[in-house]
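In my numbering, the protein residues as written are 1252 to 1561.
Here is the structure:
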């Protein structure tokens, strides 16, 4: 979202950003107004939660233990976000300041409905910037048809070409999503009802979204119907390329006909258990390419001459 907000500010729009004090995404902000509010948890708590989630990727557990961990992590993460939302809505000083601004629209991530609650309170249209909601809430709220006969549901391994049995399972999961979705968003519905002084639910809040900006592209998705107010902006969160440091440029230029490989588990995973790191290093050392591995943990003792840590 930072890139989109920066571009809006460059276009001359007056931007007001409301963020909790405990965050690690928005730093060195100087081209728009920032309003922070105190949060009930520290930045360390947030970082520890993200670190624990990334480390779990490399832990070998039986299925029941994995399900238990995923449930506990989702519960913990949801509680953190719910707490943040409560801190925001209960900050009466900040809410009054926002009421006086006279906004034209709100840009929010609708995975969780806190932004939608504030947009409803201010009676302004909301623009959702997201990858997608859990349990397909965005499809339900935008009235997008989602036939279970060829649109695979989340947490399945199906494609758009399903057998009869897979379609039956997909339909059952599709039916259960509404129930699970209600349970998952129930705390937010209570919070929204108390704040807005009227009975609302998450679906009614999401359905008021004017434009859905979806951060993906159908190059990586299965075909499905979409509505006219759904706009695909996949790749917008990719940062502009920068010149390579000279040391890496020299290594790349020295690469022979085999070329080079950039290896990463993404921005959320930069450390891992040493035994896993050694297994990866052992595999990489035998390929003919030069390897640039994004890794900030302790250097594996068996790191190959062709592997360079970034």
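Yeah, the Cβ is synthetic: ideal placement off N, Cα and C, and Gly gets one too.
### Message
From the DSSP secondary-structure annotation, give me the bridge partner or partners of residue 1269.
### Response
Numbered from its first residue, the chain shown carries residue 1269 at position 18. Residue pairing for residue 1269: DSSP places it in a beta bridge opposite 1286.
### Query
How big is the Cα-Cα spacing for residue 1271 and residue 1287?
Indexing the chain shown from 1 puts residue 1271 at position 20. Indexing the chain shown from 1 puts residue 1287 at position 36. Taking the CA atoms as reference points, residue 1271 sits about 5 Å from residue 1287.
### Message
Measuring straight from C-alpha to C-alpha, what distance separates residue 1455 and residue 1546?
### Response
For the purposes of this step, residue 1455 is taken as the residue at position 204 of the chain shown. For the purposes of this step, residue 1546 is taken as the residue at position 295 of the chain shown. So the two alpha carbons sit approximately 43 Å from each other.
### Query
Is residue 1439 buried or exposed, if buried means 16 or more other CB atoms sit within 10 Å of its CB?
Here residue 1439 corresponds to residue number 188 of the chain shown, with the count starting at 1. So residue 1439 counts as buried.
### Message
Whole angstroms are fine: how far does the CA of residue 1350 sit from the CA of residue 1375?
### Response
Locating residue 1375 in the chain shown gives position 124, counting from the first residue. Locating residue 1350 in the chain shown gives position 99, counting from the first residue. Straight-line Cα distance between these residues: approximately 11 Å.
#### Entry: Residues of its chain near residue 1403, where Cβ-Cβ distance is below 8 Å and the 5 sequence neighbours each way are ignored
Counted from its first residue, the chain shown places residue 1403 at position 152. Closer than 8 Å at Cβ, skipping near neighbours: 1409, 1410, 1411, 1413, 1421, 1473.
### Query
Since residue 1377 is in the beta strand (DSSP E), which residue starts that stretch and which ends it?
Mapped onto the chain shown, residue 1377 falls at position 126. 1377-1381 is the extent of the beta strand (DSSP E) around residue 1377.
### Integer-rounded CB distance, given that residue 1378 should sit under 8 Å from residue 1462
Residue numbering aside, residue 1462 sits at position 211 when the chain shown is read from its first letter. Residue numbering aside, residue 1378 sits at position 127 when the chain shown is read from its first letter. Right, the Cβ-Cβ distance comes to about 5 Å (below 8 Å), so this counts as a contact.
### Task
Please go through the same chain and pick out, in chain order, the residues whose beta-carbon is closer than 6 Å to the beta-carbon of residue 1424, but skip the five residues on each side of it.
Looking up residue 1424 in the chain shown gives position 173. Annotation for residue 1424: 1404 place their beta carbon closer than 6 Å to its own, counting only its chain and skipping 5 residues before and after.
### Query
Just to confirm, are residue 1532 and residue 1459 a CB contact at a threshold of 9 Å?
As a working mapping, residue 1532 is identified with position 281 in the chain shown. As a working mapping, residue 1459 is identified with position 208 in the chain shown. In this structure, residue 1459 does not lie closer than 9 Å to residue 1532 by Cβ.
### Query
Taking the Cβ atom as the reference point for each residue, do residue 1284 and residue 1267 lie within a distance shorter than 9 Å?
As a first step, residue 1284 must be located in the chain shown, where it is residue number 33. As a first step, residue 1267 must be located in the chain shown, where it is residue number 16. Taking C-beta atoms as the reference points, residue 1284 and residue 1267 count as a pair closer than 9 Å.
### Query
Could you give the C-beta distance for residue 1355 and residue 1291, rounded to a whole number, given that I count them as a contact under 8 Å?
Numbered from its first residue, the chain shown carries residue 1355 at position 104. Numbered from its first residue, the chain shown carries residue 1291 at position 40. Wrong, their Cβ atoms sit about 31 Å apart, outside the cutoff.
### Query
Helix, strand or coil: how does DSSP classify residue 1561 here?
Position 310 of the chain shown, counted from the start, is the residue given in the question as residue 1561. In this structure, residue 1561 counts as coil in the three-state DSSP scheme.
### Task
Could you pull out every residue in the same chain whose Cβ sits closer than 8 Å to the Cβ of residue 1450, ignoring the five residues on either side in sequence?
Residue mapping note: residue 1450 aligns to position 199 of the chain shown, counting from 1. These residues qualify, in order along the chain: 1444.
### Query
Does DSSP put residue 1512 in a helix, in a strand, or in coil?
For this step, residue 1512 is matched to residue 261 along the chain shown. Here residue 1512 sits in strand by DSSP.
### Task
Would you be able to state if there are at least three C-beta pairs under 8 Å between the stretch 1513-1528 and the stretch 1536-1551?
When Cβ pairs closer than 8 Å are counted between the two stretches, the stretch 1536-1551 is seen to touch the stretch 1513-1528, the count reaching three or more.
### Query
Start and end of the alpha helix (DSSP H) containing residue 1369?
If you number the chain shown from 1, residue 1369 lands on position 118. Taken as a continuous stretch (DSSP letters only), the alpha helix (DSSP H) holding residue 1369 covers 1365-1373.
### Query
Do you know offhand how far residue 1373's Cα is from residue 1299's?
Position 122 of the chain shown, counted from the start, is the residue given in the question as residue 1373. Position 48 of the chain shown, counted from the start, is the residue given in the question as residue 1299. Cα-Cα distance, rounded: 34 Å.
### Task
Would you kindly work out how many angstroms separate the C-alpha atoms of residue 1389 and residue 1254, rounded to a whole number?
One-based indexing of the chain shown puts residue 1389 at position 138. One-based indexing of the chain shown puts residue 1254 at position 3. Those two C-alpha atoms are separated by around 22 Å.
### Contact set for residue 1259: own chain, Cβ-Cβ below 7 Å, skip 5 residues either direction
The residue labelled residue 1259 in the question sits at position 8 within the chain shown. Result list for residue 1259: 1266, in chain order.
### Secondary structure of residue 1259, DSSP reduced to three states
Mapped onto the chain shown, residue 1259 falls at position 8. Under the three-state reduction of DSSP, residue 1259 is assigned to helix.
#### Entry: Buried/exposed call for residue 1510, threshold 16 Cβ in 10 Å
As a working mapping, residue 1510 is identified with position 259 in the chain shown. Here residue 1510 is exposed, its C-beta having fewer than 16 other C-beta atoms within 10 Å.
### Query
What are the complete beta strand (DSSP E) segments, minimum 3 residues, inside the stretch 1462-1538?
Complete beta strand (DSSP E) runs here, min 3: 1481-1483, 1511-1514.
#### Entry: Residues that residue 1541 bridges to, as DSSP identifies them
As a first step, residue 1541 must be located in the chain shown, where it is residue number 290. Looking at the DSSP assignment, residue 1541 forms a beta bridge with 1511.
### Closest by C-alpha distance to residue 1427, when choosing among 1448, 1387, 1537
The residue labelled residue 1427 in the question sits at position 176 within the chain shown. Ranked by Cα distance from residue 1427, the options 1448, 1387, 1537 are led by 1387.
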